[in-house]
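In full-length UniProt numbering, the protein residues as written are 1 to 335.
Don't be surprised by glycine CBs; every beta carbon is placed ideally from N, CA and C.
The structure displayed is predicted, hence computed values, not measured ones.
The block underneath contains the structure these notes are about, expressed in structure tokens.
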């Protein structure tokens with residue numbers, strides 16, 4: 001079940017909700033749609049409270065859920081924990097106690113990015129006192145449907161090639177996909193069907209880079225040419241390429257190099273390796289040549305840096321993403 005379906009089927013608000021969603025877009029969507037449906041606008045000033053993680057968090061949350069509503073039948077409390085806001089065992093026990101002692105006229109919506117172990121006592125007790133919900137980030141066919149439905153909200157259709165292009169560029173980063181889709185439909189208000197070339201016209205002009213550019217960039221890293229690699233990076237960023245998109249492209253090519261390097265131990269036939277990987281022989285041939293610039297250990301280290309940066313980009317850990325990318329490249333060359 002997705003967020004829209006749940007909100008649509010929920011007839012009246014329960015006393016407590018525990019919402020787990022790894023993706024911040026889904027957590028924010030639940031919060032927004034829940035408020036729109038269940039919290040009348042005229043009572044929000046005095047009966048809608050936000051309690052975020054921080055100093056004296058449990059004291060503030062306890063006070064909020066035990067405060068009766070003012071001039072209304074119900075009071076609503078939203079508490080949203082981000083990726084870095086994890087709870088230890090003692091804090092989880094405090095949270096359970098708060099859930100068990102919510103004022104009868106209050107509703108607490110607790111949202112978190114941190115998955116809990118369903119084998120542990122915390123979960124087993126939790127599900128007895130709250131409505132526990134998980135919303136998974138869409139992948140594969142579900143992501144296709146998500147993109148199609150998002151365009152449908154604007155009365156637009158989209159072809160399969162366009163869907164794959166968006167997925168290749170932005171993966172399942174829903175916040176970014178949502179932003180790009182809004183940009184696309186705003187650019188083509190009169191069009192009923194959005195084509196691959198329509199999207200490329202918008203995105204490519206500023207943010208689209210070819211595989212060959214990424215390969216050449218990796219060559220500079222493999223050859224330990226720090227100055228040239230940083231200059232090339234700057235040129236790509238000056239074109240308007242999203243740092244997150246550049247990371248995704250780098251990740252894809254590093255993974256290809258790792259796969260090709262592994263199979264090259266057993267055969268030098270690029271067509272056989274391509275068949276094994278389900279890819280066209282040409283990029284596999286190019287990857288075989290370039291993989292010689294790296295050891296498997298170096299590729300693993302670079303991929304590790306990219307994945308760590310990807311997480312930090314999405315959580316806002318790096319305020320200046322361009323500078324962060326430069327540091328990643330320097331680290332990659334040092335390996």
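Worksheet item: Just the Cα atoms here: how many angstroms apart are residue 92 and residue 18?
Response: Taking the CA atoms as reference points, residue 92 sits about 12 Å from residue 18.
Worksheet item: Given that a residue counts as buried once 16 or more other Cβ atoms are within 10 Å of its Cβ, and exposed if not, what is residue 139?
Response: exposed
Worksheet item: What are the uninterrupted segments assigned as beta strand (DSSP E) that are 3 or more residues long and contained completely in the UniProt domain "DNA polymerase III delta N-terminal" (17 to 132), given in chain order?
Response: Whole beta strand (DSSP E) segments, 3+ residues: 48 to 50, 75 to 81 and 106 to 112.
Worksheet item: Just how far apart, CA to CA, sit residue 171 and residue 248?
Response: So the alpha carbons of these two residues sit roughly 8 Å apart.
Worksheet item: Can you round the beta-carbon distance between residue 65 and residue 108 to whole angstroms, since I take them to be within the 8 Å contact cut?
Response: Contact annotation, residue 65 with residue 108: C-beta distance approximately 5 Å; criterion of less than 8 Å satisfied.
Practice prompt. Alpha carbon to alpha carbon, how far is residue 242 from residue 206? Give it in angstroms, no decimals.
Written response: Interpretation of residue 206 is limited by its pLDDT of 49, a score under 50 that renders its predicted location unreliable; the figure taken from the coordinates is listed afterwards. Between residue 206 and residue 242, the C-alpha separation is close to 9 Å.
Discussion item. Suppose only complete runs of 4+ residues qualify. What are the alpha helix (DSSP H) ranges in the segment 133 to 189, listed by chain order?
Written reply: 141 to 152, 160 to 170 and 174 to 187
Discussion item. Does residue 8 come out as helix, strand or coil in the three-state DSSP assignment?
Written reply: Reduced to three states, the DSSP call for residue 8 is helix.
Discussion item. DSSP three-state label for residue 239, please.
Written reply: In the structure shown, residue 239 sits in coil (DSSP, three-state: anything other than H, G, I, E or B).
Item to complete: State the DSSP-derived secondary structure class of residue 193, mapped to helix, strand or coil.
Response: strand
Worksheet item: Based on Cα-Cα distance, which residue from 300, 132, 317 and 129 lies nearest to residue 250?
Response: Out of 300, 132, 317 and 129, 300 has the C-alpha closest to the C-alpha of residue 250.
Worksheet entry | residue 326 versus residue 230 - alpha carbon distance | Cα to Cα, residue 326 sits roughly 7 Å from residue 230.
Worksheet item: Should residue 135 and residue 3 be called a contact, given that it needs their Cβ atoms to be closer than 8 Å?
Response: Inclusion of residue 135 and residue 3 in the CB contact set at 8 Å is warranted, their separation being smaller than that value.
Discussion item. For the segment 155 to 164 against the segment 41 to 58, do three or more pairs of beta-carbon atoms, one drawn from each stretch, fall closer than 8 Å, so that the two count as touching?
Written reply: no
Worksheet item: Which residues in the same chain have their Cβ closer than 7 Å to the Cβ of residue 61, if we skip the five residues on either side of it in sequence?
Response: 51, 79 and 98
Worksheet item: How far does the alpha helix (DSSP H) with residue 290 in it reach, from first residue to last?
Response: 281 to 291
Discussion item. Is it the case that the segment 181 to 195 contacts the segment 139 to 159, given that we only count it when at least three CB pairs across the two stretches are under 8 Å?
Written reply: yes
Item to complete: Report yes or no: do the segment 252 to 272 and the segment 286 to 305 share at least 3 C-beta pairs separated by less than 8 Å?
Response: With a cut-off of 8 Å, the segment 286 to 305 and the segment 252 to 272 count as touching, because enough Cβ pairs lie within range.
Discussion item. For residue 100, which residues in the same chain have their Cβ closer than 8 Å to its Cβ, ignoring the five residues on either side in sequence?
Written reply: 129
Discussion item. Quick check on the burial criterion: 16 or more other C-beta atoms within 10 angstroms. Buried or exposed for residue 112?
Written reply: buried
Worksheet item: For residue 270, is the classification buried or exposed, using 16 other Cβ atoms within 10 angstroms of its Cβ as the cut-off for buried?
Response: Here residue 270 is buried: its Cβ has 16 or more other Cβ atoms, across all protein chains shown, within 10 Å.
Practice prompt. Keeping to the same chain, check which residues put their C-beta closer than 6 Å to that of residue 9; ignore five residues upstream and five downstream.
Written response: none
Item to complete: Measure the Cβ-Cβ separation of residue 332 and residue 221 and say whether it is below 8 Å.
Response: yes
Fill in: Enclosing alpha helix (DSSP H) for residue 332 [first to last residue]
That run of the alpha helix (DSSP H) goes 321 to 334.
Practice prompt. Rank 89, 279 and 12 by C-alpha distance to the C-alpha of residue 131 and give the top, closest one.
Written response: 12
Worksheet item: Are there 16 or more other CB atoms within 10 angstroms of the CB of residue 124, so buried, or fewer, so exposed?
Response: By the 16-neighbour rule on beta-carbons within 10 angstroms, residue 124 is exposed.
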